[in-house]
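J.: Protein chains in written order, with the numbering used here: chain A, 1 to 325; chain B, 326 to 650; chain C, 651 to 952; chain D, 953 to 1454.
C-beta atoms are modelled at their ideal positions from N, C-alpha and C, and glycine is treated no differently.
For reference, the structure I am asking about is given below.
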Ligand SMILES: Nc1ncnc2c1ncn2[C@@H]1O[C@H](COP(=O)(O)OP(=O)(O)OP(=O)(O)O)[C@@H](O)[C@H]1O
Ligand SMILES: Nc1ncnc2c1ncn2[C@@H]1O[C@H](COP(=O)(O)OP(=O)(O)OP(=O)(O)O)[C@@H](O)[C@H]1O
Ligand SMILES: [Mg+2]
Ligand SMILES: [Mg+2]
């Protein structure tokens, strides 16, 4: 029953520190204090940077997932698409080496491929009307398989080590992936919360029929959401492939889909559409990264890490006490 | 626009061979003819038995997943719960060896644990109001981790080889797992389609609020759906553990959740609740098994298997042209 | 008319670099054997979990195979089915991970996981001069990993001056190991050396160390014998002095063993027994700068 | 300008999966005219309106807009200035009021939303429809059904429109809001807007409309100026037979008390100190304006809303209900106000919807007896005249009034001690309405008791033995006998006459 729903939404600068929206900030704070009190190294600036860094590539994908989920769909293919686009980028880069624009060229190509693949997935869902879960389960399987095929089961290795600058470089002490993450997050925030398109995503996800009555091109909106997911995957693939200067056809991106969806859901995005926010997703990813970091910092036994992680995630959600099936 | 909702559903004995409901039978037929024409071994009775046998353990879990999904929820923990319950059964069996009732004793214990775990997961969703996706993602992580912990990363090995009779034995030429699968399927069919409880599951999944206003104890219904999922997992764990006479803490059950959900969705169960059938799920599982069997029979390159699988699954759904997000 | 043979090869799906290598080597051996002998056909299958592998072996049996080369997902789970296969007269070669009972295979060909761990421990002690603080990046929580880590700890425990600061998992994956190492570097101000349970993990961890510009870490080594790592050793990378082999090519050898066995040929002409040895344990070898060239296969994927 | 034909349908037919529901319909909408469309439930009114509003395409026939043939879709319709307020409200619940009002038509600067501009104009529009106290940033899910209806209507004053189609706008409104609505309609009419008005309340049709078209079974049976026909005549045309519109006789005997509520108060303050008694075999009406807290009172009674204070006695025993499920065990059932979100299971069939609460009656040895279930449902379909192709039809594809009948049928079958009916006849045509009144009376005679919350004043007056009037969450009067009349109720409901010391 939604009787006890809060009555007015916090707007603009009005901040209710204990409102649902800020629970995740509290969760982050509590986890941090806990970790820091056991292992002071947790609070080192470099470690905090590392946490953001480790959030970056999943974070960007989770932002894409948020668009899709707000529009009432789901994308399971992001993990294997990361490997696929990453592989394509490395291949393109190696082909273009010597032309002088091999790095931007390969990236542009990869981003194009990512958007195109997302768009195609979107068409599968909207035009051919395959349920999103199955459509993207199918493409997940297909992208992984094509990647394995292209790499013969091995890895794609870039010939130019200077490519690692993107994934490993820093700008004024801040890792470039973190900067990319923030910039991407802000752009996504503007798009989702401050443009008619973003508004339409919510409408489509919450009530497809109303959206249709309001003369919104539902199929177009949803297809574009998938294209955005493809774009996010491509940006993330740039980071991932440049970080290690290579892409493994078998393991890169494994399980990203679950992490991305989990981050979005922790951040308040509903699996049934119409609810969600970029800030929530970003905080959700950070919560997941903090947990990962903390488990290592506190030297939790590898066998029990899953228990700790599970308990923390459930507790974090419990603190929000929200329900949408 | 969903205005053109189809008006009448096929009823009772009336069979429309081309209706949506029977599309999966056609898919199965076409796949079989295709496989048989390339590799005649496909049609060997033994191979068809193998396909059913391979369907059995995922199938039973998928039936459990159908209950949960019809009730509008989701259960991601089934895979790791399979390992957990399987492990528990083997431990109990080894403890009880010599008492004479060690096999039935261990099975009864495992089934009890399975139901209890499902029930607890259900309470997490209904009483503590954690969104199903996160609640079961959490328990998935927790069960796997506890299993690893109990086995120290290794495997649980049963001391009594006669236990394999259940998983490997045959009765009148039919593998025992297949018999269990059929019996379980019929029981589930009766429960879902011919009892008030089954009807309540649909109601809760179709519109939680309406169900509540119609005096249905929504929380109880949904909790029981999870308990049924736990029971299904336990039955499946009996088959898996006896088939292998051991349980691997790290890999047993890996990915079962995705297979089970995929089977249910292929069979027409909606991820948003209120739609689904046992027969559909069973056919969905068989489609997946046939694909797996076919890939081996036709000697498809390992790297391209994923592509073939993805394309077939999407095409199968396309043939049904149904949409629920 | 010559007799034709069908050989089934069942291995786990590639979930990290090493298993990727296994598939590559299996395909290489299959290709080479088929070129040499057109009467041989092969079916290669990969599985994500033990029950899927059991199902695949069953399907292979129905399809009709003369020999089965099986790299079991886990030993226990695959024992009953291997036994069944053998009862049907199929020649079973069990690779890498043992089966529970000797009746389940004709030939067992494997690397030595506890031995690898022990060897890593000895090398670590030697390179450190018996004194220092180390961290271990272990692999996926599985039997193999446990055996390696236990072997390693067994040796290190004999050196009271070597302290294991932490054992954390990198899941045998590069990016995960990178993140784990990054965090460990923050936690410990002084680390003398690192052992990664796998060469993929080593590359990830090494990247993290380089990035943090840590001077205190003297070296890091892994296990497996991945070509990039062998190349680094060959080129004299100061950070990576050695690695320990655990070659994925063992699958190729096993396929050859199976072929020889069903054709009733001895292992090699100079081998005076007609039948194949029932157990072959591959020794772990230390790859160092001197011998690295012999372990380098530039066209392999691993 | 006036009287010029703006929109015109010619020979319109519509099939749903091969079944024709509209046959050769001709309809004209003229500028500055209110065109009433009436007919039984399932006659095809909404289908016709949806076709004119561009959300459905006719199977056959043409639509002319200002003389030119057009093919409509939602976007085209908007561009032409056609606004449809559908019967089943189509607001996006999770978005706020202003976001809904401007959905698909956002005010933007460059690519960005202009929030403040939208909120400002939205506030003015809400003011025009009498929702001045509501913040445009409130999420729609927090509004009452009636408020949502008004929000939909407010779109009409925001945009420049030529055609306004109102599909049963007054089904949930009370006299007060209806007056505001009529003011808006008259204003738009003066502006030369062409308005279609669908309603089952013939009195309203007589009052506001200039022209009336009567549909029966998908065909136009009459189309004429309103002055030319009397109410009874319209009713006869609709149903195809003369109708009795007299209410069944009331109950004059006073039995023992079955339910007593003392000082019921909720946490959210929507219900304050509500006390009343209900006797066995009595029909107790609840009247009041939108937002007076009648629905909340019922919800609080059932434990769907948290109670802060208050005692409830059922047959003298103190009870505490925390869910409809417990209420049903005690013999109390509730008909929710909003059928779409709280009543129906849209993806299930008529059969499954109707039998939902009485499955125990068709269960033999733990198993459902499908034949008995079907015959039970068929009986209800027949007596409530639910128009469906078969009982296996999804309720999603029923007409609005027939959906309401489905929910009502479910409730009626349970036969508990006490019914709480919230807007029971919302959207139901006059023919069936009187059957339902008769049914309620018959049940009451058998000793069942009723609480009827209704915004339809003639219904409250004609049906109820006693009437409780609420305002601002408080009971302001309890009327009996000859004091039950529309005037008296309005005086109390609007606060012109103060409560009698309650
Ligand atoms: N999407 C649909 N699919 C199938 N049949 C439909 C659909 N929508 C409406 N119908 C049928 O069309 C007929 C006319 O329905 P419509 O909604 O136009 O009736 P109405 O006159 O508005 O009735 P009410 O007064 O109950 O609102 C009904 O018999 C209904 O069952
Ligand atoms: N002034 C108000 N501001 C905001 N919300 C209001 C206001 N008044 C009422 N509501 C909303 O109205 C809803 C219930 O009131 P409702 O109108 O249903 O009462 P009612 O007396 O049953 O009227 P009716 O049944 O005629 O709609 C509540 O959910 C509440 O959020
Ligand atoms: Mg209607
Ligand atoms: Mg109300």
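1) Is any heavy atom in ligand 1 found nearer than 7 Å to the beta carbon of residue 1354 of chain D?
2) Using beta carbons (cut-off 8 Å, strictly below), is residue 154 of chain A in contact with chain C?
3) State the DSSP-derived secondary structure class of residue 309 of chain A, mapped to helix, strand or coil.
4) Examine ligand 1 and report whether any of its heavy atoms sits within less than 7 Å of the Cβ of residue 967 of chain D.
5) In whole angstroms, give me the CA-to-CA distance for residue 86 of chain A and residue 154 of chain A.
6) Just mark residue 914 of chain C as buried or exposed, buried being the case when its beta carbon has 16 or more other beta carbons within 10 Å.
7) Note down, in chain order, all residues in the segment 54-67 of chain A with a beta-carbon under 9 Å from any beta-carbon belonging to chain B.
8) By the 9 Å beta-carbon criterion, what residues does the segment 710-742 of chain C contribute toward chain F?
9) Please list, in chain order, the residues of the segment 1282-1298 of chain D that have any C-beta partner in chain B closer than 7 Å.
10) Going residue by residue through the segment 1214-1251 of chain D, where are the continuous beta strand (DSSP E) segments of at least 3 residues, counting only ones entirely within it?
11) Could you check what DSSP says for residue 75 of chain A in three-state terms: helix, strand or coil?
12) So residue 698 of chain C is in the beta strand (DSSP E); what residue range does that whole segment cover?
13) Does the Cβ of residue 1274 of chain D have 16 or more other Cβ atoms within 10 Å, making it buried, or fewer, making it exposed?
14) Does the distance between the C-beta of residue 1315 of chain D and the nearest non-hydrogen atom of ligand 1 fall short of 7 Å?
15) Along the segment 300-318 of chain A, what residues have a CB closer than 7 Å to any CB found in chain C?
16) Can you list, in chain order, the residues of its chain whose CB lies under 7 Å from that of residue 448 of chain B, leaving out five sequence neighbours each side?
17) Under the assumption that residue 642 of chain B contacts residue 131 of chain A (Cβ atoms under 8 Å), give the Cβ distance between them as a whole number of angstroms.
18) State yes or no: is the beta carbon of residue 947 of chain C nearer than 8 Å to at least one beta carbon in chain A?
19) Using a beta-carbon distance below 8 Å, is residue 1253 of chain D in contact with chain A?
20) Nearest chain B C-beta to residue 272 of chain A closer than 8 Å, yes or no?
21) Give, in chain order, every residue of the segment 693-706 of chain C whose Cβ lies closer than 8 Å to some Cβ of chain B.
22) Within 10 Å of its beta-carbon, does residue 1139 of chain D have 16 or more other beta-carbons around it, so buried, or fewer, so exposed?
23) By the three-class DSSP mapping on this structure, what secondary structure does residue 247 of chain A have?
24) By the 10 Å Cβ neighbour count, where 16 or more other Cβ atoms means buried, how is residue 629 of chain C classified, buried or exposed?
25) Beta carbon of residue 911 of chain C, beta carbon of residue 757 of chain C: below 8 Å?
26) Residue range of the beta strand (DSSP E) that residue 925 of chain C falls in?
27) Mind listing the chain C neighbours of residue 482 of chain B? Cutoff is C-beta to C-beta under 8 Å, in chain order.
28) List the whole-angstrom C-beta distance separating residue 1104 of chain D from residue 1043 of chain D, where the pair is believed to meet the contact cut-off of C-beta under 8 Å.
29) Return helix, strand or coil for residue 1430 of chain D, following the three-state DSSP convention.
30) Would you please verify whether the beta carbon of residue 408 of chain B is less than 8 Å from any beta carbon of chain A?
31) Which two residues bound the contiguous alpha helix (DSSP H) that contains residue 1395 of chain D?
32) Does DSSP put residue 978 of chain D in a helix, a strand or coil?
33) Could you tell me how far apart the beta carbons of residue 851 of chain C and residue 820 of chain C are, in whole angstroms, since I believe they sit closer than 8 Å?
34) Kindly indicate which residue of D:1189, D:1146, D:1200 has the alpha-carbon position closest to the one of residue 1169 of chain D.
35) With a threshold of 8 Å between beta-carbons, can residue 828 of chain C be considered close to chain A, or not?
36) Who are residue 960 of chain D's beta bridge partners in DSSP?
T.: Concretely, from the data shown:
1) Inclusion of residue 1354 of chain D in the 7 Å shell around ligand 1 follows from its C-beta lying nearer than that to a non-hydrogen atom of the ligand.
2) When Cβ-Cβ separations below 8 Å define contact, residue 154 of chain A makes contact with chain C.
3) In the three-state DSSP reduction, residue 309 of chain A falls in the helix class (H, G or I).
4) Result no, Cβ not under 7 Å from ligand 1.
5) Roughly 13 Å between the two C-alpha positions.
6) When all chains shown are included, residue 914 of chain C counts as exposed.
7) Residues: none.
8) No chain F is part of this structure, whose protein chains are labelled A, B, C and D.
9) Listed by position, the residues of the segment 1282-1298 of chain D near chain B (Cβ gap below 7 Å) are 1285, 1286, 1288, 1293, 1294, 1295, 1296, 1297, 1298.
10) As far as the segment 1214-1251 of chain D is concerned, its whole beta strand (DSSP E) runs of at least 3 residues are 1226-1231, 1235-1240.
11) The three-state reading of DSSP puts residue 75 of chain A in coil, since its state is none of H, G, I, E or B.
12) Residue 698 of chain C: not part of any beta strand (DSSP E); DSSP gives it neither H nor E.
13) Answer is exposed; the Cβ neighbour count stays below 16.
14) No, since every heavy atom of ligand 1 falls outside the 7 Å radius drawn around the Cβ of residue 1315 of chain D.
15) From the segment 300-318 of chain A, only 302, 303 have a Cβ closer than 7 Å to chain C.
16) 548.
17) Residue 642 of chain B to residue 131 of chain A, Cβ: 7 Å. Contact.
18) Closer than 8 Å: no.
19) Judged by the 8 Å Cβ criterion, residue 1253 of chain D is not in contact with chain A.
20) Residue 272 of chain A belongs to the set of residues whose beta carbon lies under 8 Å from a beta carbon in chain B.
21) Correct list: 693, 694, 695, 696, 698, 699, 700, 701, 702, 704, 705, 706.
22) By the 10 Å Cβ count, residue 1139 of chain D comes out exposed.
23) Taken through DSSP and simplified to helix, strand or coil, residue 247 of chain A comes out as strand.
24) The first residue shown for chain C is 651 and the last is 952, placing residue 629 of chain C beyond what the model contains.
25) Going by C-beta atoms, residue 911 of chain C is nearer than 8 Å to residue 757 of chain C.
26) Here residue 925 of chain C belongs to no beta strand (DSSP E), and DSSP marks it neither H nor E.
27) Chain-ordered, the chain C residues with CB closer than 8 Å to the CB of residue 482 of chain B read 726, 750.
28) Yes, residue 1104 of chain D and residue 1043 of chain D are in contact; Cβ-Cβ is about 7 Å, under 8 Å.
29) Three-state result, residue 1430 of chain D: strand.
30) No, because no Cβ of chain A sits closer than 8 Å to the Cβ of residue 408 of chain B.
31) Note, residue 1395 of chain D: alpha helix (DSSP H), 1382-1397.
32) In this structure, DSSP gives residue 978 of chain D an extended state, which the three-state scheme calls strand.
33) Their Cβ separation, rounded to whole angstroms, is 4 Å, which keeps residue 851 of chain C and residue 820 of chain C in contact under 8 Å.
34) Nearest of D:1189, D:1146, D:1200 to residue 1169 of chain D, Cα basis: D:1189.
35) Cβ-Cβ to chain A under 8 Å: yes for residue 828 of chain C.
36) The partner list for residue 960 of chain D (beta bridge, DSSP) reads D:980, D:1016.
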